[in-house]
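Novice: In this text, residue positions in the sequence shown follow numbering that gives the first Met the number 0: the first is 0, and each later residue adds one.
Got a structure for you, questions after.
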Amino acid sequence: MDLKERGSFSSKFGVIAAAAGSAVGLGNIWRFPYVAGENGGGAFLLIYLLFIVAIGIPVMLSEFTIGRNAQRNAFGSFKKLAPNSKWSFVGLMGIVAAFLILAFYSTIAGWTLEYIVKAVQDGFSAGNTSEIFTTFSTSTFKPLLWQFVFMGLTAWIVFAGVQKGIERYTKILMPLLLVLILVIVVRSLTLDGASKGLKFLFAPDFSKITFGVVLEALGQAAFSLSIGMGALITYGSYIRKNNNLGKTAVQVASADTLIAILAGVMIFPAVFAFDPSLATEGPGLVFVVLPKLFLSMPGGYVFSILFFVLLAVAALTSTVSVLEVVVAYFSEELNMSRGKATIISSLAIWLFGILATLSFSDLSDVTIFGSTFFDIMNYSSANILLPLGALLIVAFLGWVIKKKLVHDELSNSGELKVKYFKVFYFIIRYLAPVAIAIVFVHDIYKVSVKDNSDDKSQNTEIVESKEAVEVVE
Ligand code: TRP
């Protein structure tokens with residue numbers, strides 16, 4: 000493939016805006032609060048932060064390194080850096096993960112469009128926000144239509160190309176989202192009973208920590224940072240050679256984490272002020288709680304419209320990065336034109352995504368091991384494919400690629416000092432693979448034995464950790 004044909008981000012800020020645009024999305028504002036709510040709040044947050052720093056940032060940096068060095072899509076990068084090996088399989092896994100993630104993500108992204116319309120129409124003035132949400136999410140056609148519209152918007156931007164499509168919009172809209180969230184946070188914090196929400200989010204109750212919670216935190220960290228499936232390998236391949244990759248990774252991860260925490264601070268005080276039982280509401284959380292909050296604030300009508308517009312935009316800059324993984328793969332590896340690749344992949348994903356959307360309505364009774372299609376796609380992508388992908392990506396960079404190449408890429412061939420290199424290298428070789436493997440294998444093992452026994456004795460624990468070690472070796 001001729002390098003001249005590949006797009007690139009035009010400026011440093013453009014890179015950060017696009018990568019942060021990928022990272023910041025429904026994962027921060029829709030998924031983080033409800034997963035934190037279901038997993039005990041403060042204790043979850045603590046482990047989450049630990050994973051962001053110790054594993055998330057190094058994996059993000061690894062993806063940038065692989066992509067910028069190889070100048071290829073996720074699959075092609077592995078093929079180029081390790082020819083005639085099986086590593087390109089990791090790239091394929093990423094393509095599969097992209098399908099799964101987009102299929103259910105576009106369901107929720109579609110909801111945000113309906114909520115823009117609702118906000119404009121009457122600002123949720125009837126006040127029964129739970130009912131409004133249930134009536135909409137359990138209907139058949141509207142959610143499907145919105146999902147289709149959303150995939151269409153995503154395809155349109157991806158089609159427009161890297162610089163003109165992705166970079167242009169994210170630069171303006173992301174900072175605006177931050178400002179709006181801050182305004183809503185202020186309102187939430189001034190509600191009666193707000194402090195209980197803060198306590199829930201920030202006071203860690205260590206008795207709530209189980210391996211399941213740890214896996215959820217790892218999955219959420221990976222999902223939120225957009226790591227583990229090659230989205231950032233693909234974006235990395237559009238980063239210019241004079242960019243400081245380490246700095247970029249830290250900045251993107253910081254922005255992402257800031258927005259997730261702010262989303263928590265925006266939602267939990269309101270949850271506890273209105274109805275504490277909402278804390279474990281699940282996927283409907285922001286859609287039920289925030290409209291109530293808007294009703295209680297001066298200018299709420301305008302804020303609610305702005306908020307759902309920006310939420311849709313945040314989701315869009317994320318779906319774009321996921322679709323780009325598939326499109327870059329189709330066009331570079333299968334020699335398709337960008338237009339054809341975009342249309343085929345987005346249509347296929349939308350068709351597949353119907354299963355996710357109808358999981359709230361017509362297919363809500365169709366379950367596998369008690370989970371709907373939506374739950375399965377959501378759980379298996381975030382908690383299985385992404386951690387596994389992350390493990391393989393760091394292991395690849397740490398063990399397969401020559402150390403000198405890694406150092407050269409991070410230091411821009413010696414131009415930058417990379418004081419963090421030793422720590423980074425240690426993490427990608429040992430800490431991250433071992434930690435991910437332990438969390439991951441422990442939990443998969445537990446899920447697979449759950450049906451046979453409820454025995455949580457010491458014996459099981461030992462077998463589980465042994466397995467984890469075996470996989471690492
Ligand atoms: N990080 C995005 C969010 O938080 C979702 C996302 C975009 C993603 N690209 C990804 C998740 C790649 C995993 C992998 O909403």
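Cβ atoms here follow ideal geometry from the backbone N, Cα and C, with glycine treated the same way.
Owing to the predicted nature of the structure, the values given are computational and were not obtained by experimental measurement.
With A254 as the anchor, note down where its alpha helix (DSSP H) starts and where it stops.
Specialist: Unbroken alpha helix (DSSP H) run through A254: L244 to F273.
Novice: Go through the region 115 to 156 residue by residue and report every complete run of the alpha helix (DSSP H) that reaches 4 residues or more, in order.
Specialist: Here the runs fully enclosed are 128 to 136.
Novice: Out of curiosity, what's the CA-to-CA distance linking F74 and I392?
Specialist: If I take the Cα positions, the gap works out to 12 angstroms.
Novice: In whole angstroms, what separates the C-alpha of I258 from that of F210?
Specialist: C-alpha separation (whole angstroms): 26 angstroms.
Novice: Would you mind stating whether F306 and L179 have Cβ atoms separated by less than 8 angstroms?
Specialist: Contact: yes.
Novice: Among the residues of its own chain, which have a CB less than 7 angstroms from the CB of A118, if the five just before and after it don't count?
Specialist: Correct list, in chain order: S303, I304 and F307.
Novice: Please name the residue in R30, I51, G90 and S136 whose C-alpha comes closest to that of Y328.
Specialist: With distances taken between Cα atoms, Y328 lies closest to G90.
Novice: With a CB to CB cut of under 8 angstroms and the five nearest residues on each side skipped, what residues in its chain are close to H406?
Specialist: Hits under 8 angstroms: V417 and F420.
Novice: Does the Cβ-Cβ distance between L176 and L309 come in under 8 angstroms?
Specialist: In contact: L176 and L309 (Cβ atoms closer than 8 angstroms).
Novice: So the candidates are Y168, S76, G263 and A35; which of them puts its Cα closest to the Cα of T279?
Specialist: T279 has its Cα closest to that of A35, out of Y168, S76, G263 and A35.
Novice: Taking CB distances under 8 angstroms as the criterion, tell me whether S9 reaches chain C.
Specialist: Among the protein chains of the structure shown there is no chain C, as only one such chain exists.
Novice: Roughly how far, in whole angstroms, is the beta-carbon of E166 from the beta-carbon of S9, given that I think they are within contact range, below 8 angstroms?
Specialist: 7 angstroms between Cβ atoms; contact.
Novice: Does the beta-carbon distance from N382 to L214 come in below 8 angstroms?
Specialist: Contact flag set, yes.
Novice: Exposed or buried, which one is L289 when buried takes at least 16 other CB atoms within 10 Å?
Specialist: Counting Cβ neighbours within 10 Å, L289 comes out buried, since at least 16 surround it.
Novice: Express the C-alpha separation of V319 and V157 in angstroms, rounding to a whole number.
Specialist: Spanning the two alpha carbons is a distance of roughly 6 angstroms.
Novice: Label L390 either buried or exposed according to how many other C-beta atoms from any shown protein chain fall within 10 Å of its C-beta, with 16 as the threshold for buried.
Specialist: Burial call: buried.
Novice: Would you decide whether L367 is buried or exposed? Buried here means 16 or more other CB atoms lie within 10 Å of its CB.
Specialist: A small fix is needed here, since residue 367 is Ile in this sequence, not Leu. By the 10 Å Cβ count, I367 comes out exposed.
Novice: Around the C-beta of A19, are 16 or more other C-beta atoms found within 10 angstroms, so that it is buried, or is it exposed?
Specialist: It counts as buried.
Novice: Taking C-beta to C-beta, are E323 and R71 nearer than 8 angstroms?
Specialist: Their beta carbons are not under 8 angstroms apart, which means E323 does not touch R71 by this criterion.
Novice: For I15, which three-state DSSP category applies?
Specialist: Residue state, collapsed to three classes: helix.
Novice: Compare the beta carbon distance of A220 and I100 with 8 angstroms and say whether it is the shorter of the two.
Specialist: Result no, Cβ atoms of A220 and I100 do not sit closer than 8 angstroms.
Novice: Just list the residues that DSSP pairs S370 with in beta bridges.
Specialist: Bridge partners of S370: I367.
Novice: Starting from N68, trace the alpha helix (DSSP H) both ways and give me its first and last residue.
Specialist: Taken as a continuous stretch (DSSP letters only), the alpha helix (DSSP H) holding N68 covers I56 to A69.
Novice: In chain order, what residues of the same chain lie with their CB nearer than 7 angstroms to the CB of L409, ignoring the 5 residues before and after it?
Specialist: Counting only Cβ-Cβ distances below 7 angstroms, and skipping sequence neighbours, we find T64, L244, G245, V417 and F420.
Novice: Could you give the first and the last residue of the continuous alpha helix (DSSP H) run that contains V407?
Specialist: Looking at the sequence provided, one finds Asp at residue 407 rather than Val. K402 to L409 is the extent of the alpha helix (DSSP H) around D407.
Novice: Tell me the residue span of the alpha helix (DSSP H) that contains P282.
Specialist: From DSSP, P282 is part of no alpha helix (DSSP H); its letter is neither H nor E.
Novice: Measure how close the beta-carbons of A355 and T106 come, nearest whole angstrom, since I'm counting them as under 8 angstroms.
Specialist: With a Cβ gap of about 5 angstroms, A355 and T106 count as contacting.
Novice: Measure the C-alpha to C-alpha separation of I353 and I260 and round it to an integer number of angstroms.
Specialist: The alpha-carbon atoms of I353 and I260 are separated by roughly 31 angstroms.
Novice: Rounded to whole angstroms, how far is the Cβ of S87 from the Cβ of F77, which I believe are closer than 8 angstroms?
Specialist: At roughly 4 angstroms, the Cβ-Cβ gap stays under 8 angstroms, so S87 and F77 are in contact.
Novice: Quick test of your reading: P268 and L197, contact by CB under 8 angstroms. State the CB separation rounded to the nearest angstrom.
Specialist: Yes, they are in contact, since the Cβ atoms of P268 and L197 sit about 6 angstroms apart, within 8 angstroms.
Novice: Can you list, in chain order, the residues of its chain with a C-beta nearer than 6 angstroms to that of A501? Leave out the 5 residues immediately preceding and following it.
Specialist: The question about residue 501 has no answer, for the chain in this structure spans 0 to 472.
Novice: Since G36 is in the alpha helix (DSSP H), which residue starts that stretch and which ends it?
Specialist: Taken as a continuous stretch (DSSP letters only), the alpha helix (DSSP H) holding G36 covers F31 to E37.
Novice: Measure the alpha-carbon distance for V287 versus L315 and round it to whole angstroms.
Specialist: V287 and L315: Cα-Cα distance of roughly 21 angstroms.
Novice: Compute every distance between the C-beta of M228 and the non-hydrogen atoms of ligand 1, then say whether any falls below 7 angstroms.
Specialist: Yes, since a heavy atom of ligand 1 falls inside the 7 angstroms radius drawn around the Cβ of M228.
Novice: Using only alpha-carbon positions, find the residue among F12, I56, V23 and V422 that is nearest to L217.
Specialist: L217 has its Cα closest to that of I56, out of F12, I56, V23 and V422.
Novice: Could you work out which residue in N242, V182, I343 and L200 is closest to G413 when comparing CA atoms only?
Specialist: Answer by Cα proximity: N242.
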